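So for the sequence shown, the numbering used here puts the first residue at 28; every next one is plus one. Beta carbons are placed, not taken as given, at the ideal position from N, Cα and C, and that holds for glycine. Every value quoted in this text rests on a predicted model; they were computed, and no experiment measured them.
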Amino acid sequence: MRVPISAIDLDMGTYPRKGIRQEVVEQYADALRGGAAFPPILLENKTNKLLSGLHRIEAVEKVLKQPELWENGHKPDGTIEADYLAAPESIPRKLFRASLDATHGLRLSPEETKALAREVYQANPDFKQKDCAKLLGVSNNSISRWVQDILAARREERQHKAWKLQLLGWTEREIAQALNVSPATAHEDCSKSSEWKKSSNSLLSAGHPVEEVARRFNLSPLLVWAAHLKGKDDRARMGALGWPIRTWDYWNWSDVDHRFGDEWDGRIPAQLVAHALYFFTRPGALVLDPMAGGGTVSDVCLAMGRRCRSYDMAARPERRPEIEEWRWDPKDLRWAPSAREKPDLIFFDPPYYKKNEKEYGERSISALPRLDYLRFFREWAALAWANSKPETRLALLEADWRDFQSTPALEEKPDEAVTLLDYVREVSPTGRGWQLTHRIESPLSTERFTAGVVSAMQEARILGAVSRTLLVFRRTHDSV
(Lines of atoms letter the chains of each structure in order from A and count residues from 1; the text may use other names and numbers.)
(Lines give C-alpha, C1' and ligand atoms only; values in the text may rest on other atoms or scores of the structure.)
Protein backbone atom coordinates (compact mmCIF):
# COMPACT_ATOMS: atom_id res chain seq x y z
CA MET A 1 0.00 0.00 0.00
CA ARG A 2 1.09 3.58 -0.55
CA VAL A 3 1.67 5.77 2.52
CA PRO A 4 2.15 9.56 2.67
CA ILE A 5 5.73 10.31 3.62
CA SER A 6 4.47 12.97 6.04
CA ALA A 7 2.74 10.23 8.06
CA ILE A 8 5.92 8.23 8.65
CA ASP A 9 7.84 8.38 11.94
CA LEU A 10 11.50 8.11 10.93
CA ASP A 11 12.47 7.09 14.50
CA MET A 12 16.04 8.34 14.09
CA GLY A 13 16.92 7.35 17.66
CA THR A 14 17.05 3.70 16.59
CA TYR A 15 18.61 4.28 13.15
CA PRO A 16 21.50 1.76 12.95
CA ARG A 17 23.85 3.75 10.70
CA LYS A 18 26.15 6.65 11.51
CA GLY A 19 24.33 8.82 8.99
CA ILE A 20 22.62 8.99 5.61
CA ARG A 21 24.76 8.12 2.58
CA GLN A 22 24.08 10.95 0.18
CA GLU A 23 25.51 9.11 -2.84
CA VAL A 24 22.92 6.36 -2.32
CA VAL A 25 20.12 8.91 -2.02
CA GLU A 26 21.24 10.49 -5.31
CA GLN A 27 21.26 7.10 -7.05
CA TYR A 28 17.72 6.40 -5.89
CA ALA A 29 16.58 9.91 -6.81
CA ASP A 30 17.99 9.62 -10.32
CA ALA A 31 16.16 6.36 -10.83
CA LEU A 32 12.91 7.87 -9.50
CA ARG A 33 13.08 10.75 -11.97
CA GLY A 34 12.93 8.19 -14.73
CA GLY A 35 9.90 6.50 -13.20
CA ALA A 36 11.63 3.52 -11.53
CA ALA A 37 9.79 1.56 -8.85
CA PHE A 38 11.51 0.48 -5.61
CA PRO A 39 10.81 -2.34 -3.18
CA PRO A 40 8.42 -1.22 -0.41
CA ILE A 41 9.84 0.37 2.70
CA LEU A 42 9.04 -1.38 5.97
CA LEU A 43 6.95 0.20 8.75
CA GLU A 44 6.00 -1.09 12.16
CA ASN A 45 2.40 -2.16 12.67
CA LYS A 46 0.13 0.49 14.20
CA THR A 47 2.90 3.01 14.92
CA ASN A 48 4.08 3.91 11.39
CA LYS A 49 7.64 3.90 12.71
CA LEU A 50 10.21 3.30 10.01
CA LEU A 51 12.04 -0.01 10.11
CA SER A 52 13.82 0.06 6.76
CA GLY A 53 13.93 2.44 3.78
CA LEU A 54 15.27 5.81 4.95
CA HIS A 55 17.36 6.33 1.81
CA ARG A 56 14.33 5.67 -0.40
CA ILE A 57 12.29 8.20 1.59
CA GLU A 58 15.08 10.77 1.32
CA ALA A 59 15.20 10.16 -2.45
CA VAL A 60 11.47 10.79 -2.85
CA GLU A 61 11.71 14.03 -0.87
CA LYS A 62 14.71 15.13 -2.93
CA VAL A 63 12.85 14.53 -6.19
CA LEU A 64 9.76 16.40 -4.94
CA LYS A 65 11.91 19.51 -4.42
CA GLN A 66 13.28 19.43 -8.00
CA PRO A 67 10.29 19.32 -10.40
CA GLU A 68 12.41 20.72 -13.23
CA LEU A 69 14.29 17.41 -13.33
CA TRP A 70 11.24 15.15 -13.69
CA GLU A 71 11.32 13.06 -16.86
CA ASN A 72 8.70 11.50 -19.16
CA GLY A 73 5.89 13.28 -17.36
CA HIS A 74 6.60 11.34 -14.16
CA LYS A 75 5.39 13.35 -11.18
CA PRO A 76 5.93 11.94 -7.62
CA ASP A 77 2.89 12.45 -5.39
CA GLY A 78 4.58 12.45 -1.96
CA THR A 79 3.67 8.85 -1.16
CA ILE A 80 5.74 5.71 -1.07
CA GLU A 81 5.00 2.01 -1.25
CA ALA A 82 5.18 0.39 2.20
CA ASP A 83 4.71 -2.96 3.89
CA TYR A 84 3.95 -3.44 7.57
CA LEU A 85 5.37 -5.92 10.07
CA ALA A 86 5.70 -6.39 13.82
CA ALA A 87 9.00 -5.58 15.52
CA PRO A 88 9.86 -8.36 18.01
CA GLU A 89 10.27 -7.15 21.60
CA SER A 90 13.03 -9.67 22.27
CA ILE A 91 15.43 -7.99 19.84
CA PRO A 92 16.85 -4.50 20.42
CA ARG A 93 15.08 -2.23 17.95
CA LYS A 94 18.23 -0.84 16.38
CA LEU A 95 19.58 -4.36 15.88
CA PHE A 96 16.32 -5.48 14.29
CA ARG A 97 16.41 -2.54 11.86
CA ALA A 98 19.98 -3.44 10.94
CA SER A 99 18.95 -7.06 10.32
CA LEU A 100 16.37 -5.89 7.79
CA ASP A 101 19.01 -3.89 5.94
CA ALA A 102 21.30 -6.94 5.98
CA THR A 103 18.84 -8.78 3.71
CA HIS A 104 19.34 -6.43 0.74
CA GLY A 105 22.25 -4.72 -0.96
CA LEU A 106 22.58 -1.68 1.29
CA ARG A 107 24.18 -3.36 4.29
CA LEU A 108 25.78 -1.56 7.19
CA SER A 109 29.46 -0.81 6.75
CA PRO A 110 31.92 -2.96 8.76
CA GLU A 111 32.52 -0.04 11.12
CA GLU A 112 28.79 0.49 11.64
CA THR A 113 28.22 -3.23 12.21
CA LYS A 114 30.94 -3.42 14.85
CA ALA A 115 29.72 -0.24 16.58
CA LEU A 116 26.16 -1.59 16.70
CA ALA A 117 27.28 -4.93 18.12
CA ARG A 118 29.16 -3.15 20.88
CA GLU A 119 26.16 -0.94 21.62
CA VAL A 120 23.93 -4.00 21.94
CA TYR A 121 26.25 -5.64 24.46
CA GLN A 122 26.82 -2.48 26.44
CA ALA A 123 23.08 -2.45 27.12
CA ASN A 124 22.44 -6.19 27.26
CA PRO A 125 25.55 -8.36 27.84
CA ASP A 126 23.39 -11.48 28.08
CA PHE A 127 22.11 -11.24 24.51
CA LYS A 128 23.02 -14.48 22.71
CA GLN A 129 26.01 -13.96 20.46
CA LYS A 130 24.84 -16.44 17.84
CA ASP A 131 21.57 -14.52 17.49
CA CYS A 132 23.39 -11.21 17.16
CA ALA A 133 25.72 -12.70 14.54
CA LYS A 134 22.79 -14.04 12.53
CA LEU A 135 20.91 -10.75 12.65
CA LEU A 136 23.95 -8.75 11.52
CA GLY A 137 25.03 -11.30 8.94
CA VAL A 138 28.49 -11.86 10.41
CA SER A 139 30.29 -14.76 12.08
CA ASN A 140 30.10 -15.67 15.76
CA ASN A 141 33.85 -15.14 15.97
CA SER A 142 33.46 -11.55 14.80
CA ILE A 143 30.89 -10.80 17.50
CA SER A 144 33.08 -12.42 20.18
CA ARG A 145 36.11 -10.44 19.07
CA TRP A 146 34.26 -7.14 18.96
CA VAL A 147 32.62 -7.39 22.39
CA GLN A 148 35.03 -9.45 24.47
CA ASP A 149 36.27 -6.42 26.43
CA ILE A 150 32.69 -5.35 27.20
CA LEU A 151 31.76 -8.82 28.44
CA ALA A 152 34.96 -9.04 30.49
CA ALA A 153 34.22 -5.68 32.14
CA ARG A 154 30.62 -6.68 32.87
CA ARG A 155 31.76 -10.02 34.27
CA GLU A 156 34.22 -8.23 36.55
CA GLU A 157 31.49 -5.80 37.63
CA ARG A 158 29.21 -8.73 38.45
CA GLN A 159 31.99 -10.39 40.45
CA HIS A 160 32.46 -7.18 42.44
CA LYS A 161 28.75 -7.20 43.25
CA ALA A 162 28.94 -10.84 44.32
CA TRP A 163 31.85 -10.04 46.64
CA LYS A 164 29.95 -7.14 48.16
CA LEU A 165 26.87 -9.24 48.81
CA GLN A 166 29.03 -12.02 50.22
CA LEU A 167 30.64 -9.60 52.68
CA LEU A 168 27.17 -8.41 53.72
CA GLY A 169 26.21 -11.97 54.64
CA TRP A 170 24.23 -13.10 51.60
CA THR A 171 24.28 -16.80 50.72
CA GLU A 172 25.51 -17.90 47.30
CA ARG A 173 21.96 -18.94 46.42
CA GLU A 174 20.69 -15.45 47.27
CA ILE A 175 23.55 -13.90 45.30
CA ALA A 176 22.70 -16.05 42.29
CA GLN A 177 19.08 -14.89 42.41
CA ALA A 178 20.02 -11.23 42.90
CA LEU A 179 22.50 -11.23 40.00
CA ASN A 180 20.38 -13.49 37.78
CA VAL A 181 23.09 -16.11 37.33
CA SER A 182 23.36 -19.83 38.00
CA PRO A 183 24.47 -21.08 41.45
CA ALA A 184 27.68 -22.35 39.83
CA THR A 185 28.43 -18.89 38.41
CA ALA A 186 27.68 -17.25 41.76
CA HIS A 187 30.08 -19.67 43.45
CA GLU A 188 32.77 -18.90 40.89
CA ASP A 189 32.20 -15.16 41.28
CA CYS A 190 32.45 -15.33 45.07
CA SER A 191 35.62 -17.40 44.84
CA LYS A 192 37.26 -14.63 42.84
CA SER A 193 37.16 -12.37 45.90
CA SER A 194 40.02 -14.18 47.63
CA GLU A 195 42.33 -13.30 44.73
CA TRP A 196 41.43 -9.58 44.88
CA LYS A 197 41.70 -9.55 48.66
CA LYS A 198 45.19 -11.06 48.59
CA SER A 199 46.42 -8.74 45.84
CA SER A 200 44.96 -5.56 47.35
CA ASN A 201 46.19 -6.33 50.86
CA SER A 202 49.68 -6.89 49.48
CA LEU A 203 49.73 -3.37 48.03
CA LEU A 204 48.11 -1.84 51.10
CA SER A 205 50.74 -3.44 53.32
CA ALA A 206 53.39 -1.85 51.12
CA GLY A 207 51.92 1.57 51.91
CA HIS A 208 49.82 2.23 48.81
CA PRO A 209 46.66 4.32 49.52
CA VAL A 210 43.26 2.65 49.33
CA GLU A 211 42.13 4.80 46.40
CA GLU A 212 45.24 3.88 44.38
CA VAL A 213 44.74 0.17 45.05
CA ALA A 214 41.08 0.46 44.08
CA ARG A 215 42.03 2.02 40.74
CA ARG A 216 44.70 -0.62 40.13
CA PHE A 217 42.17 -3.45 40.36
CA ASN A 218 39.13 -1.47 39.17
CA LEU A 219 37.51 -2.08 42.54
CA SER A 220 35.22 0.02 44.68
CA PRO A 221 37.28 1.66 47.46
CA LEU A 222 34.74 0.24 49.91
CA LEU A 223 35.63 -3.30 48.89
CA VAL A 224 39.30 -2.50 49.36
CA TRP A 225 38.56 -1.04 52.79
CA ALA A 226 36.53 -4.12 53.71
CA ALA A 227 39.40 -6.43 52.69
CA HIS A 228 41.97 -4.26 54.44
CA LEU A 229 40.02 -4.02 57.71
CA LYS A 230 38.89 -7.65 57.89
CA GLY A 231 39.92 -9.20 61.19
CA LYS A 232 40.61 -5.86 62.91
CA ASP A 233 38.67 -4.83 66.01
CA ASP A 234 36.16 -2.00 65.87
CA ARG A 235 38.44 0.64 67.38
CA ALA A 236 41.11 -0.14 64.81
CA ARG A 237 38.54 0.01 62.01
CA MET A 238 37.22 3.40 63.07
CA GLY A 239 40.73 4.72 63.58
CA ALA A 240 41.76 3.61 60.08
CA LEU A 241 38.70 5.31 58.62
CA GLY A 242 39.47 8.56 60.44
CA TRP A 243 36.52 8.43 62.79
CA PRO A 244 37.51 9.29 66.39
CA ILE A 245 35.10 7.60 68.76
CA ARG A 246 32.63 9.99 70.39
CA THR A 247 32.41 8.74 73.96
CA TRP A 248 29.42 10.82 75.02
CA ASP A 249 25.82 10.93 73.86
CA TYR A 250 26.38 13.88 71.52
CA TRP A 251 27.42 12.84 68.02
CA ASN A 252 27.96 15.94 65.93
CA TRP A 253 29.63 16.12 62.50
CA SER A 254 29.85 19.11 60.20
CA ASP A 255 29.49 16.98 57.08
CA VAL A 256 28.79 13.47 55.86
CA ASP A 257 31.66 11.17 54.87
CA HIS A 258 31.33 11.19 51.10
CA ARG A 259 33.05 7.82 50.78
CA PHE A 260 29.88 6.16 52.07
CA GLY A 261 26.44 6.19 50.49
CA ASP A 262 25.20 7.83 47.31
CA GLU A 263 24.37 11.49 46.89
CA TRP A 264 20.89 11.33 48.34
CA ASP A 265 18.36 13.71 49.81
CA GLY A 266 18.44 13.20 53.57
CA ARG A 267 21.82 11.43 53.45
CA ILE A 268 23.05 10.69 56.97
CA PRO A 269 26.65 10.76 58.21
CA ALA A 270 28.40 7.42 57.91
CA GLN A 271 30.11 8.31 61.18
CA LEU A 272 26.73 8.24 62.94
CA VAL A 273 25.96 4.76 61.61
CA ALA A 274 29.43 3.53 62.58
CA HIS A 275 28.98 4.76 66.14
CA ALA A 276 25.62 2.98 66.39
CA LEU A 277 27.30 -0.22 65.23
CA TYR A 278 30.21 0.30 67.64
CA PHE A 279 28.10 0.77 70.73
CA PHE A 280 25.12 -1.46 70.01
CA THR A 281 26.41 -4.43 67.96
CA ARG A 282 29.37 -6.78 67.75
CA PRO A 283 31.36 -7.78 64.64
CA GLY A 284 29.41 -10.16 62.44
CA ALA A 285 26.05 -8.87 63.68
CA LEU A 286 23.13 -8.67 61.28
CA VAL A 287 21.83 -5.14 60.66
CA LEU A 288 18.48 -4.49 59.00
CA ASP A 289 17.96 -1.20 57.14
CA PRO A 290 14.23 -0.87 56.36
CA MET A 291 14.46 2.35 54.32
CA ALA A 292 17.90 2.30 52.75
CA GLY A 293 17.88 5.48 50.65
CA GLY A 294 21.42 6.04 49.35
CA GLY A 295 22.88 2.93 50.97
CA THR A 296 24.97 4.54 53.71
CA VAL A 297 24.10 1.85 56.26
CA SER A 298 25.15 -1.07 54.05
CA ASP A 299 28.37 0.73 53.09
CA VAL A 300 29.29 1.26 56.72
CA CYS A 301 28.44 -2.35 57.51
CA LEU A 302 30.98 -3.38 54.85
CA ALA A 303 33.72 -1.36 56.53
CA MET A 304 32.72 -2.39 60.05
CA GLY A 305 32.42 -6.12 59.36
CA ARG A 306 28.66 -6.40 59.86
CA ARG A 307 26.14 -8.24 57.74
CA CYS A 308 23.24 -6.24 56.32
CA ARG A 309 19.84 -6.54 54.62
CA SER A 310 18.58 -3.32 53.02
CA TYR A 311 15.19 -2.38 51.58
CA ASP A 312 13.69 0.54 49.71
CA MET A 313 10.66 1.29 47.54
CA ALA A 314 12.68 0.76 44.36
CA ALA A 315 15.58 -1.60 43.70
CA ARG A 316 18.72 -0.26 42.01
CA PRO A 317 20.49 -3.45 40.87
CA GLU A 318 23.18 -1.74 38.79
CA ARG A 319 24.38 0.61 41.48
CA ARG A 320 23.09 -0.99 44.66
CA PRO A 321 22.54 -4.77 44.34
CA GLU A 322 22.20 -5.07 48.12
CA ILE A 323 19.06 -2.89 48.24
CA GLU A 324 15.98 -5.03 47.69
CA GLU A 325 12.64 -3.66 46.57
CA TRP A 326 10.13 -3.72 49.39
CA ARG A 327 7.48 -1.24 50.41
CA TRP A 328 6.21 -1.09 53.95
CA ASP A 329 2.61 -0.53 52.90
CA PRO A 330 0.57 1.04 55.71
CA LYS A 331 -2.55 -0.65 54.30
CA ASP A 332 -0.94 -4.09 54.12
CA LEU A 333 2.00 -4.02 56.50
CA ARG A 334 4.12 -7.17 56.17
CA TRP A 335 7.71 -8.13 56.97
CA ALA A 336 10.05 -8.41 53.98
CA PRO A 337 10.06 -12.10 52.98
CA SER A 338 13.84 -12.18 52.40
CA ALA A 339 14.50 -10.98 55.98
CA ARG A 340 14.40 -14.53 57.28
CA GLU A 341 17.07 -14.19 59.97
CA LYS A 342 16.16 -12.04 62.94
CA PRO A 343 18.42 -8.97 63.15
CA ASP A 344 20.71 -7.85 65.94
CA LEU A 345 20.09 -4.19 65.12
CA ILE A 346 17.43 -2.40 63.11
CA PHE A 347 18.76 0.96 61.94
CA PHE A 348 15.63 2.86 60.96
CA ASP A 349 16.04 6.22 59.21
CA PRO A 350 12.54 6.94 57.86
CA PRO A 351 11.48 10.12 56.05
CA TYR A 352 10.36 12.71 58.54
CA TYR A 353 6.75 13.81 58.65
CA LYS A 354 5.93 16.21 55.79
CA LYS A 355 9.62 16.80 55.13
CA ASN A 356 10.39 16.32 51.42
CA GLU A 357 7.03 14.66 50.87
CA LYS A 358 6.99 15.94 47.28
CA GLU A 359 10.42 14.49 46.57
CA TYR A 360 9.56 11.10 48.06
CA GLY A 361 6.17 10.96 46.33
CA GLU A 362 2.66 9.93 47.26
CA ARG A 363 3.69 6.39 48.20
CA SER A 364 5.97 7.65 50.97
CA ILE A 365 4.82 7.67 54.56
CA SER A 366 5.78 11.38 54.59
CA ALA A 367 2.62 12.10 52.63
CA LEU A 368 0.33 10.42 55.17
CA PRO A 369 -1.96 12.52 57.37
CA ARG A 370 -0.51 13.04 60.84
CA LEU A 371 -2.53 10.38 62.65
CA ASP A 372 -1.93 7.82 59.90
CA TYR A 373 1.77 8.65 59.94
CA LEU A 374 1.97 8.00 63.68
CA ARG A 375 -0.15 4.87 63.36
CA PHE A 376 2.36 3.55 60.85
CA PHE A 377 5.14 3.76 63.44
CA ARG A 378 3.02 2.03 66.06
CA GLU A 379 2.13 -0.83 63.73
CA TRP A 380 5.61 -1.06 62.22
CA ALA A 381 7.19 -1.25 65.67
CA ALA A 382 4.87 -4.13 66.58
CA LEU A 383 5.75 -5.91 63.33
CA ALA A 384 9.47 -5.40 63.98
CA TRP A 385 9.05 -6.73 67.52
CA ALA A 386 7.43 -9.90 66.18
CA ASN A 387 10.33 -10.44 63.78
CA SER A 388 13.15 -9.74 66.24
CA LYS A 389 14.94 -11.71 68.93
CA PRO A 390 15.24 -10.90 72.64
CA GLU A 391 18.55 -9.04 72.27
CA THR A 392 17.57 -7.00 69.17
CA ARG A 393 18.03 -3.24 69.37
CA LEU A 394 16.07 -0.69 67.38
CA ALA A 395 17.87 2.56 66.50
CA LEU A 396 15.38 5.15 65.22
CA LEU A 397 16.85 8.35 63.76
CA GLU A 398 14.27 11.10 64.00
CA ALA A 399 13.74 14.82 64.46
CA ASP A 400 10.92 17.10 65.53
CA TRP A 401 8.84 18.35 62.65
CA ARG A 402 7.34 21.80 63.14
CA ASP A 403 6.04 24.10 60.46
CA PHE A 404 8.40 26.91 61.41
CA GLN A 405 9.42 28.04 57.93
CA SER A 406 7.45 31.29 57.96
CA THR A 407 5.79 31.15 61.37
CA PRO A 408 6.91 32.94 64.55
CA ALA A 409 7.44 30.52 67.44
CA LEU A 410 4.43 31.89 69.38
CA GLU A 411 2.13 31.24 66.42
CA GLU A 412 3.11 27.66 65.59
CA LYS A 413 0.32 25.08 65.72
CA PRO A 414 1.48 22.21 67.93
CA ASP A 415 -1.42 19.98 66.82
CA GLU A 416 0.22 19.83 63.39
CA ALA A 417 3.67 18.94 64.73
CA VAL A 418 5.31 15.54 65.21
CA THR A 419 7.95 15.45 67.95
CA LEU A 420 10.30 12.90 69.46
CA LEU A 421 7.82 12.35 72.26
CA ASP A 422 5.26 11.22 69.68
CA TYR A 423 7.68 8.66 68.24
CA VAL A 424 8.53 7.33 71.69
CA ARG A 425 4.83 7.00 72.57
CA GLU A 426 4.09 5.06 69.37
CA VAL A 427 7.13 2.78 69.45
CA SER A 428 7.15 2.18 73.21
CA PRO A 429 3.65 2.60 74.63
CA THR A 430 3.97 2.39 78.46
CA GLY A 431 7.31 0.62 77.99
CA ARG A 432 5.84 -2.44 76.28
CA GLY A 433 7.24 -3.87 73.04
CA TRP A 434 10.29 -1.64 72.84
CA GLN A 435 11.89 0.12 75.80
CA LEU A 436 13.87 3.34 75.27
CA THR A 437 17.43 2.96 76.55
CA HIS A 438 19.41 5.82 74.95
CA ARG A 439 18.75 9.20 73.44
CA ILE A 440 21.75 10.44 71.45
CA GLU A 441 21.79 13.89 69.93
CA SER A 442 23.16 14.20 66.40
CA PRO A 443 22.09 17.63 65.14
CA LEU A 444 21.83 18.72 61.54
CA SER A 445 24.30 21.26 60.25
CA THR A 446 23.25 24.90 60.43
CA GLU A 447 25.30 25.71 57.31
CA ARG A 448 22.17 25.31 55.14
CA PHE A 449 20.95 28.65 56.57
CA THR A 450 22.62 31.72 55.08
CA ALA A 451 23.35 34.79 57.16
CA GLY A 452 20.48 36.61 55.47
CA VAL A 453 18.02 33.82 56.27
CA VAL A 454 19.15 33.69 59.90
CA SER A 455 18.75 37.45 60.23
CA ALA A 456 15.23 37.31 58.78
CA MET A 457 14.29 34.47 61.14
CA GLN A 458 15.56 36.44 64.11
CA GLU A 459 13.61 39.50 63.02
CA ALA A 460 10.41 37.46 62.73
CA ARG A 461 11.11 35.48 65.93
CA ILE A 462 11.09 32.20 64.00
CA LEU A 463 12.69 29.31 65.87
CA GLY A 464 14.33 26.91 63.44
CA ALA A 465 14.88 23.18 63.85
CA VAL A 466 18.27 21.52 63.52
CA SER A 467 17.89 18.93 66.26
CA ARG A 468 18.09 15.26 65.31
CA THR A 469 18.12 12.36 67.74
CA LEU A 470 19.01 8.70 67.61
CA LEU A 471 16.50 6.90 69.82
CA VAL A 472 17.73 3.45 70.82
CA PHE A 473 15.27 0.87 72.11
CA ARG A 474 15.74 -2.64 73.41
CA ARG A 475 13.22 -5.36 72.80
CA THR A 476 11.17 -6.28 75.86
CA HIS A 477 9.44 -9.58 76.50
CA ASP A 478 6.02 -7.94 76.39
CA SER A 479 4.52 -7.31 72.97
CA VAL A 480 2.55 -4.18 72.18
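query = How is Ser365 classed by DSSP in three states: helix, strand or coil?
reply = Stepping through the sequence shown from its first residue, residue 365 is reached at position 338. Note: Ser365 maps to coil in three-state DSSP.
message = Taking 7 angstroms as the cut-off, is the C-beta of Trp190 nearer than that to any heavy atom in the ligand GDP?
response = Summarising the ligand content, the structure contains no ligands, and the ligand GDP is consequently not present.
request  = Kindly indicate which three-state DSSP category Tyr379 falls into: helix, strand or coil?
outcome  = Stepping through the sequence shown from its first residue, residue 379 is reached at position 352. Taken through DSSP and simplified to helix, strand or coil, Tyr379 comes out as coil.
task = Would you be able to state if there are at least three C-beta pairs under 8 angstroms between the segment 249 to 256 and the segment 313 to 322?
result = The segment 313 to 322 vs the segment 249 to 256: no contact.
key: Cβ pair count under 8 angstroms reaching 3, the segment 372 to 381 against the segment 341 to 349   = No: fewer than three Cβ pairs fall under 8 angstroms.
ask   = If you run the structure through DSSP and keep just helix, strand and coil, what is His465?
value = As a working note, residue 465 is residue 438 in the sequence shown. In the three-state reduction of the DSSP assignment, His465 falls in the strand class.
Proximal residues to Lys45 (C-beta, below 7 angstroms), its chain only, five neighbours per side dropped = The residue you call residue 45 lines up with position 18 of the sequence shown. These residues qualify, in order along the chain: Glu139.
task = Reducing DSSP to helix, strand and coil, say where Leu78 ends up.
result = On the sequence shown, residue 78 is found 51 positions in, with the first residue counted as 1. In this structure, Leu78 counts as strand in the three-state DSSP scheme.
ask   = When DSSP builds the beta bridges, which residues end up paired with Val499?
value = Locating residue 499 in the sequence shown gives position 472, where the first residue counts as 1. Val499 has Ala422, His465 as its beta-bridge partners, per DSSP.
Every unbroken alpha helix (DSSP H) within the segment 164 to 222, with a cutoff of 4 residues, ordered by chain = Restricted to the segment 164 to 222, the alpha helix (DSSP H) segments that are unbroken, complete and at least 4 residues in length are 167 to 194, 199 to 206, listed in chain order.
inquiry  = Can you look up Ser570 in the DSSP assignment and give me helix, strand or coil?
reply    = For the chain, the structure presents residues 28 to 507; residue 570 sits outside this window and is missing.
ask   = Do His82 and Leu133 have their C-beta atoms within less than 8 angstroms of each other?
value = Sequence index remark: in the sequence shown, residue 82 carries index 55 (1-based). Sequence index remark: in the sequence shown, residue 133 carries index 106 (1-based). Contact: yes.
key: Ala160 versus Thr130 - alpha carbon distance   = Translated into positions along the sequence shown, residue 160 becomes position 133. Translated into positions along the sequence shown, residue 130 becomes position 103. One C-alpha to the other measures close to 13 angstroms.
query = Who does Ile350 pair with in a DSSP beta bridge?
reply = Along the sequence shown, one-based indexing puts residue 350 at 323. Under the DSSP definition of a beta bridge, Ile350 partners with Ser337.
ask   = Should Pro417 be labelled buried (16 or more other beta-carbon atoms within 10 Å of its own) or exposed?
value = One-based indexing of the sequence shown puts residue 417 at position 390. By the neighbour-count rule (16 or more Cβ atoms within 10 Å), Pro417 is not buried but exposed.
key: Residue interval of the alpha helix (DSSP H) (run including Pro456)   = The residue you call residue 456 lines up with position 429 of the sequence shown. No alpha helix (DSSP H) contains Pro456, which DSSP labels as neither H nor E.
request  = Report the three-state DSSP secondary structure of Leu37 (helix, strand or coil).
outcome  = Walking along the sequence shown from the start, residue 37 turns up at place 10. Residue state, collapsed to three classes: coil.
request  = List the DSSP bridge partners of Thr106.
outcome  = Taking the sequence shown and counting its residues from 1, one reaches residue 106 at position 79. Beta-bridge pairing by DSSP links Thr106 to Pro31.
ask   = Trp270 by DSSP, collapsed to three states: which one?
value = Along the sequence shown, read from residue 1 onward, the residue named residue 270 stands at position 243. Coil.
request  = Take every Cβ of the segment 120 to 129, pair it with every Cβ of the segment 140 to 156, and state whether three or more of those distances are shorter than 8 angstroms.
outcome  = Contact holds: three or more Cβ-Cβ distances are below 8 angstroms.
For Leu395 and Phe403, believed in contact at Cβ under 8 angstroms, the rounded distance = Numbered from 1 along the sequence shown, position 376 holds the residue referred to as residue 403. Numbered from 1 along the sequence shown, position 368 holds the residue referred to as residue 395. With a Cβ gap of about 6 angstroms, Phe403 and Leu395 count as contacting.
ask   = Beta-carbon of Ala211 versus every beta-carbon of chain D: anything under 8 angstroms?
value = Going by chain labels, chain D is absent from the structure shown, which holds only one protein chain.
message = Can you tell me whether Ala408 is buried or exposed? The criterion is at least 16 other CB atoms within 10 Å of its CB, across all chains shown.
response = Your numbering for residue 408 matches position 381 in the sequence shown. The residue in question, Ala408, is buried, as its Cβ has 16 or more Cβ neighbours within 10 Å.
key: Rounded C-alpha distance that separates Ala211 from Ser218   = One-based indexing of the sequence shown puts residue 211 at position 184. One-based indexing of the sequence shown puts residue 218 at position 191. A straight-line Cα-Cα distance of about 11 angstroms links Ala211 and Ser218.
query = For Asp57, which of helix, strand or coil comes out of DSSP?
reply = Position 30 of the sequence shown, counted from the start, is the residue given in the question as residue 57. Residue state, collapsed to three classes: helix.
request  = Report, in whole angstroms, the separation of the C-beta atoms of Leu312 and Arg333, which I expect to be a contact under 8 angstroms.
outcome  = Translated into positions along the sequence shown, residue 312 becomes position 285. Translated into positions along the sequence shown, residue 333 becomes position 306. The question names Leu, yet the displayed sequence has Ala at residue 312. Contact between Ala312 and Arg333 holds: CB atoms are separated by about 5 angstroms, below the 8 angstroms threshold.
query = In chain order, what residues of the same chain have a beta carbon less than 8 angstroms from the beta carbon of Glu88, not counting five sequence neighbours either side?
reply = Sequence index remark: in the sequence shown, residue 88 carries index 61 (1-based). Apart from the 5 residues on each side of it in sequence, Glu88 sits with its Cβ closer than 8 angstroms to the Cβ of Ile32 in its chain, given in chain order.
inquiry  = Considering only their Cβ atoms, is the gap separating Phe476 from Gly460 smaller than 8 angstroms?
reply    = Along the sequence shown, read from residue 1 onward, the residue named residue 460 stands at position 433. Along the sequence shown, read from residue 1 onward, the residue named residue 476 stands at position 449. Going by C-beta atoms, Gly460 is not nearer than 8 angstroms to Phe476.
ask   = The alpha helix (DSSP H) with Val327 in it runs from where to where?
value = Your numbering for residue 327 matches position 300 in the sequence shown. Residue range 323 to 331 is occupied by the alpha helix (DSSP H) that includes Val327.
inquiry  = For Val314, list the residues DSSP reports as bridge partners.
reply    = Taking the sequence shown and counting its residues from 1, one reaches residue 314 at position 287. Under the DSSP definition of a beta bridge, Val314 partners with Cys335, Leu372.
query = Rounded to a whole number of angstroms, what is the C-alpha to C-alpha distance between Tyr380 and Arg309?
reply = One-based indexing of the sequence shown puts residue 380 at position 353. One-based indexing of the sequence shown puts residue 309 at position 282. A straight line joining the alpha-carbon of Tyr380 with that of Arg309 spans about 32 angstroms.
message = Using the three-state DSSP reduction, which class does Ile23 fall into: helix, strand or coil?
response = Past the boundaries of the shown model lies residue 23; the chain is included only from 28 to 507, so the question cannot be answered.
Closest residue to Leu195 among Gly40, Pro441, Leu315, Gln432 (Cα-Cα distance) = Residue numbering aside, residue 195 sits at position 168 when the sequence shown is read from its first letter. Checked all of Gly40, Pro441, Leu315, Gln432; the closest Cα to Leu195 is Leu315.
inquiry  = Excluding the 5 residues flanking Asn167 on each side, which residues of the same chain have their C-beta closer than 8 angstroms to its C-beta?
reply    = Reading the sequence shown from its first residue, position 140 is the one you call residue 167. Gln156, Lys157, Ala160.
ask   = Cβ of Arg264 within 8 angstroms of Cβ of Met331?
value = Start at 1 with the first residue of the sequence shown, and residue 264 comes out as number 237. Start at 1 with the first residue of the sequence shown, and residue 331 comes out as number 304. Yes. Within cutoff.
ask   = Which value, in whole angstroms, describes the spacing of the CA atoms of Ser171 and Trp270?
value = The residue labelled residue 171 in the question sits at position 144 within the sequence shown. The residue labelled residue 270 in the question sits at position 243 within the sequence shown. One C-alpha to the other measures close to 48 angstroms.
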